[in-house]
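Structure first, commentary second.
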């Protein structure tokens, strides 16, 4: 499989390499970690440049993902129009772009936050950009369960940017995203199972079948509801958060059960799409609840 010849490049192609949709959720969860750690009053320069630094390193790892996955992306309908695949951006330019993002982001983190935050962010960069993308994705059907740690790190990174310590409350936020990740991605994998089969990526529905995957989506949804109650149980949040977490979790469970019973698997995308709104709503509820308790 060869990549198409070079075409006219737009800034939009570079933006696409950073996966802005994914970055939006990472940004929200990272900012939540910062605001909670600082009781809503973080130093302005830490808030701005800390968020920028973490986001830039996350964007850099997303570009690395595009570079390594170019041949794979060409085989899948969902990813076949990505900029490197279509020849809008060469691998060399993408590498230079990734390096630039990494250096700039690292500069912000080292100057405006602390060494711990930079180390954790850099380790996340290596884990997602290289270990997951190049190896883990193709080694096991549990790739998302393990690899989900990279996407779960932003609240902790935001927290450490303020406190310079790893605290239990921040780890609870990591746990929530870690448990949320499998049902989120497995729903997409069920919908795009033929793509993954064609590309020979051992996603759970490819290796274990769709019925098995739907069972595990349901199981992880139940685990997620339990995980979201933990912050309330330790006094981190109050009843407003608990109400939102419980109601939105039950809606998630409804969608997951609908998919479990759906023999045609048409409910897979509704589960995937709702899961995105669910996470944004959950972290918004954390902020509102904490603000109300000030």
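In the working numbering, the protein residues as written are -18 to 275.
C-beta: ideal position from N, C-alpha, C; glycine also.
CB-CB under 8 Å to residue i, same chain, minus the five flanking residues each way: which ones, in chain order?
i, result
"residue 10", "135, 136, 139, 154, 158, 260, 264"
"residue 160", "201, 204, 205, 208"
"residue 95", "141, 142, 145"
"residue 80", "41"
Residue i to residue j, Cα distance in whole Å?
i, j, result
"residue 244", "residue 166", "19 Å"
"residue 216", "residue 39", "31 Å"
"residue 54", "residue 66", "7 Å"
"residue 113", "residue 128", "6 Å"
"residue 16", "residue 22", "7 Å"
"residue 115", "residue 231", "36 Å"
"residue 239", "residue 248", "7 Å"
"residue 59", "residue 25", "39 Å"
"residue 117", "residue 242", "31 Å"
"residue 266", "residue 73", "42 Å"
"residue -9", "residue 64", "10 Å"
"residue 156", "residue 3", "18 Å"
"residue 88", "residue 71", "26 Å"
"residue 33", "residue 196", "39 Å"
Below 8 Å on the Cβ atoms is my contact criterion, and I expect residue i with residue j to pass it. Report the Cβ-Cβ distance as a whole number of Å.
i, j, result
"residue 106", "residue -5", "At roughly 18 Å, the Cβ-Cβ gap does not stay under 8 Å, so residue 106 and residue -5 are not in contact."
"residue 213", "residue 228", "Rounded, the Cβ-Cβ distance is 13 Å, inconsistent with contact."
"residue 13", "residue 268", "6 Å"
"residue 93", "residue 27", "6 Å"
"residue -12", "residue 68", "5 Å"
"residue -2", "residue 47", "5 Å"
"residue 225", "residue 262", "7 Å"
"residue 233", "residue 270", "That pair is no contact at about 19 Å."
Determine, using beta carbons only, whether residue i and residue j come nearer to each other than 8 Å.
i, j, result
"residue 237", "residue 191", "no"
"residue 142", "residue 219", "no"
"residue 98", "residue 85", "no"
"residue 250", "residue 176", "no"
"residue 183", "residue 272", "no"
"residue 187", "residue 173", "no"
"residue 100", "residue 75", "no"
"residue 257", "residue 7", "no"
Starting from the C-beta of residue i, find all residues in its chain whose C-beta is less than 7 Å away, skip the five residues before and the five after it, and write them out in chain order.
i, result
"residue 189", "122"
"residue -18", "A caution first: residue -18 carries a pLDDT of 45, below 50, which makes its placement in the model unreliable, though a value can still be read off. Excluding residues within five positions, the ones whose Cβ falls inside 7 Å are 52, 55, 56."
Keeping to the same chain, check which residues put their C-beta closer than 6 Å to that of residue i; ignore five residues upstream and five downstream.
i, result
"residue 163", "125, 126, 201"
"residue 289", "Since the first residue shown for the chain is -18 and the last is 275, residue 289 is missing from the structure and cannot be characterised."
"residue 185", "122, 167, 194"
"residue 150", "217"
"residue 35", "11, 102, 138"
"residue 18", "140, 143, 144"
"residue 49", "114, 115"
"residue 37", "82, 85, 86"
"residue 29", "none"
Flag residue i as yes when its Cβ comes closer than 7 Å to any non-hydrogen atom of the ligand MN, and as no otherwise.
i, result
"residue 174", "Looking for the ligand MN in the displayed structure turns up nothing, as the structure carries no ligands at all."
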